[in-house]
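**Q** Here's a structure for you.
Numbering (the working numbering), first residue to last: 2 to 177.
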């Protein structure tokens, strides 16, 4: 069993750590990764094989991070790549940016990151898994143990909230 668990950590450790970084911040990622694998170890016997092991691990990781965010007294700064989803913000091709445009993009990136940090944990998790991990609504519903409609709603609300916040500072981006 120890060898199986070691293989599980080896195969999924990077994914768990990266998800913890994105959902809870760099400062908490190591501690949360350890907590996730402790939970996995303690509940390995309960895995029924009804879903892929990676989906089960995603679920434990996402739930652990959401629980951490709910309990946390201080909101953590979460860094997301602004251009990971081209439908969010499509302009300013990198090759032709002027210094003023570069400054504006840095400001926009900061606003986006702050906006992500302010999303409720469920919206942040659903949005992250959908937008940056490219998981389907069905896969996210399995991970978050909720309905597909709930995932769709969370992703939609997160997008709306991000657009609204960005539009306050840059009206030209808020209507997309």
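Where is the CB? At the ideal position from N, CA and C, for every residue including glycine.
What you are looking at is a predicted structure, and each value in this text was computed from that prediction instead of being measured.
What did DSSP end up calling residue 48 once you bin it into helix, strand or coil?
**A** Here residue 48 refers to the residue found at position 47 when the chain shown is read from its first residue. If DSSP states are grouped into helix, strand and coil, residue 48 belongs with coil.
**Q** Classify residue 147 as helix, strand or coil using the three-state DSSP reduction.
**A** Taking the chain shown and counting its residues from 1, the one referred to as residue 147 is at position 146. Residue state, collapsed to three classes: coil.
**Q** Contact between the stretch 113 to 133 and the stretch 157 to 166 is defined here as three or more beta-carbon pairs at a separation below 8 Å; is this criterion met?
**A** Contact between the stretch 113 to 133 and the stretch 157 to 166 is present, because at least three Cβ pairs lie under 8 Å.
**Q** For residue 137, name the three-state secondary structure that DSSP assigns.
**A** Numbered from its first residue, the chain shown carries residue 137 at position 136. Reduced to three states, the DSSP call for residue 137 is coil.
**Q** Relative to the C-alpha of residue 141, which residue among 169, 106 and 62 is closest?
**A** In the chain shown, residue 141 corresponds to position 140, counting from 1. Ranking the options by Cα distance to residue 141, first place goes to 62.
**Q** Going straight from the alpha carbon of residue 65 to that of residue 123, what length do you get?
**A** Stepping through the chain shown from its first residue, residue 65 is reached at position 64. Stepping through the chain shown from its first residue, residue 123 is reached at position 122. When rounded, the distance between both Cα atoms is 12 Å.
**Q** Taking only the alpha-carbon atoms, compute the straight-line gap between residue 126 and residue 43 and give it to the nearest angstrom.
**A** Along the chain shown, one-based indexing puts residue 126 at 125. Along the chain shown, one-based indexing puts residue 43 at 42. In a straight line, the C-alpha of residue 126 is about 24 Å away from that of residue 43.
**Q** Does the ligand FAD have even one heavy atom less than 7 Å from the beta-carbon of residue 110?
**A** Among the components of this structure there are no ligands whatsoever, and the ligand FAD is therefore not found.
**Q** Quick one: what's got a C-beta closer than 7 Å to residue 25's C-beta in the same chain, skipping five residues either side?
**A** What you label residue 25 is simply residue 24 of the chain shown in a count that begins at 1. 33, 66, 69, 70 and 77.
**Q** With a Cβ-Cβ cutoff of 8 Å, do residue 52 and residue 13 count as a contact?
**A** Residue numbering aside, residue 52 sits at position 51 when the chain shown is read from its first letter. Residue numbering aside, residue 13 sits at position 12 when the chain shown is read from its first letter. Not closer than 8 Å, so no.
**Q** Leaving out five residues before and five after residue 10 in sequence, what residues of the same chain have Cβ atoms less than 7 Å from its Cβ?
**A** For the purposes of this step, residue 10 is taken as residue 9 along the chain shown, with counting starting at 1. Cβ neighbours of residue 10 beyond the five flanking positions: 38.
**Q** Residue 112: which of 150, 15, 148 and 166 sits nearest, CA to CA?
**A** Mapped onto the chain shown, residue 112 falls at position 111. Cα-wise, what sits closest to residue 112 is 166.
**Q** Could you give the C-beta distance for residue 144 and residue 49, rounded to a whole number, given that I count them as a contact under 8 Å?
**A** Here residue 144 is taken as the residue at index 143 of the chain shown, counted from 1. Here residue 49 is taken as the residue at index 48 of the chain shown, counted from 1. That belief does not hold up - the Cβ atoms of residue 144 and residue 49 are roughly 16 Å apart, past 8 Å.
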